[in-house]
Amino acid sequence: DVKVTQSSRYLVKRTGEKVFLECVQDMDHENMFWYRQDPGLGLRLIYFSYDVKMKEKGDIPEGYSVSREKKERFSLILESASTNQTSMYLCASSFSEGRGPKETQYFGPGTRLLVL
Amino acid sequence: AQSVAQPEDQVNVAEGNPLTVKCTYSVSGNPYLFWYVQYPNRGLQFLLKYITGDNLVKGSYGFEAEFNKSQTSFHLKKPSALVSDSALYFCAVRSRDTGGFKTIFGAGTRLFVKA
Numbered sequence: 017d018v019k020v021t022q023s024s025r026y027l028v029k030r031t032g033e034k035v036f037l038e039c040v041q042d043m044d045h046e047n048m049f050w051y052r053q054d055p056g057l058g059l060r061l062i063y064f065s066y067d068v069k070m071k072e073k074g075d076i077p078e079g080y081s082v083s084r085e086k087k088e089r090f091s092l093i094l095e096s097a098s099t100n101q102t103s104m105y106l107c108a109s110s111f112s113e114g115r116g117p118k119e120t121q122y123f124g125p126g127t128r129l130l131v132l
Numbered sequence: 046a047q048s049v050a051q052p053e054d055q056v057n058v059a060e061g062n063p064l065t066v067k068c069t070y071s072v073s074g075n076p077y078l079f080w081y082v083q084y085p086n087r088g089l090q091f092l093l094k095y096i097t098g099d100n101l102v103k104g105s106y107g108f109e110a111e112f113n114k115s116q117t118s119f120h121l122k123k124p125s126a127l128v129s130d131s132a133l134y135f136c137a138v139r140s141r142d143t144g145g146f147k148t149i150f151g152a153g154t155r156l157f158v159k160a
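Protein chains in written order, with the numbering used here: chain A, 17 to 132; chain B, 46 to 160.
So this is what it looks like as structure tokens:
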């Protein structure tokens, strides 16, 4: 079974702090994704990566950055946390299948971040 | 612009009754359609997907979905609901956009199954 793990289930941070969210997958997936989930808005893509050291902006990258130094690990960084970044953050991974469209994404359990 | 709509925020069903969770989409080209389920305090789990072929797709936990091209819909169905089916359900569509392939998720529909 595919396993996607996230470093924390719950985090509480203060405004202005730098926040690191870690995601690790154990299935040698090429693609990794970071989403945020907010009620009524569904999932919105922040960043994704289709290879080591590669990254692409998603729909809402502002205020976030990412790092993919190893294939199995994809980190989301909030450079200076703000209250509007309070959310559930979901990491996902998938095979590339030749970078085609058929990929099924496998999700981690999520990190619920509260910024005070 | 590509979009996915789940018109119902919440669906209530009695255990043993059939259930339907609706999804419609608007994309250019041929879409690839997915359903995911999220149980409380968990990440999303893949249920089923439509790529091509038979319009009726069968997935995990007894769920199925019907692709209707003319109505641009991909409704999730189950003949007999269980209390354990209560969860948040997300429809997603993947299609080619200007920057490559892109997956868009609907806002989610919360399903309550009462005993």
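Glycine is no exception: its CB is placed at the ideal position from the N, C-alpha and C atoms.
Only a predicted model underlies this, so the values are computations on that prediction, with no experimental measurement involved.
For the beta strand (DSSP E) assignment, the uninterrupted runs of no fewer than 3 residues enclosed by the stretch 36 to 118 of chain A are, from N- to C-terminal side, 47 to 54, 58 to 65, 80 to 86, 89 to 94, 103 to 110. By the beta-carbon neighbour count (other beta carbons within 10 angstroms, threshold 16), Ala-59/B is exposed. If you keep only unbroken beta strand (DSSP E) runs of at least 3 residues inside the stretch 60 to 119 of chain B, you get 64 to 66, 69 to 71, 77 to 83, 89 to 95, 101 to 103, 109 to 113. In this structure, the CA atom of Gly-104/B is about 13 Å from the CA atom of Phe-119/B. Neighbours of Ala-152/B in chain A, taken as residues at a C-beta separation under 7 Å, are given in chain order as Gly-56, Leu-57, Gly-58.
Excluding sequence positions up to five before and after Lys-114/B, its CB lies less than 6 Å from no other CB in the same chain. Residue-level contact check: Tyr-80/A does not touch chain B, since none of the beta carbons of chain B fall below 8 Å from its beta carbon. Scanning Arg-139/B, Ala-126/B, Leu-156/B for the CA closest to the CA of Lys-94/B turns up Arg-139/B. Straight-line spacing of the CA atoms in Tyr-51/A and Leu-59/A works out to 6 Å. Taking C-alpha positions only, Gly-153/B is separated from Ala-132/B by approximately 10 Å. Under the Cβ distance rule, Thr-99/A does not count among the residues neighbouring chain B, no pair being separated by less than 8 Å. Of the other Cβ atoms in all chains shown, fewer than 16 fall within 10 Å of the Cβ of Met-43/A; this residue is therefore exposed. Between Ser-65/A and Gly-79/A, the C-beta gap is not smaller than 8 Å, which leaves the two residues out of contact. Among the CB atoms of chain B, none fall inside 8 Å of the CB of Phe-90/A.
Proximity of chain B to Tyr-105/A at the Cβ level (cut-off 9 Å) is not reached, the minimal Cβ distance being about 10 Å. In terms of CA proximity to Val-131/A, Met-104/A leads the group Met-104/A, Gln-22/A, Val-20/A, Pro-77/A.
Taking C-alpha positions only, Glu-72/A is separated from Ala-160/B by approximately 46 Å. Ser-125/B sits in coil when the DSSP states are folded into three classes, being neither helix nor strand. Counted as a single uninterrupted DSSP element, the stretch harbouring Ser-24/A is not any beta strand (DSSP E), since DSSP gives it neither H nor E. In terms of Cβ geometry, Phe-146/B and Tyr-81/B do not form a close pair [threshold 8 Å]. The C-beta separation of Ala-50/B from Thr-69/B comes to about 5 Å, placing the pair in contact by the 8 Å criterion.
Pairing Tyr-77/B with Leu-92/B, the inter-Cα distance amounts to about 14 Å. As DSSP reads the structure, Thr-148/B sits in a beta bridge with Arg-139/B.
With contacts defined by Cβ atoms closer than 8 Å, Lys-122/B and Asp-130/B do not form a contacting pair.
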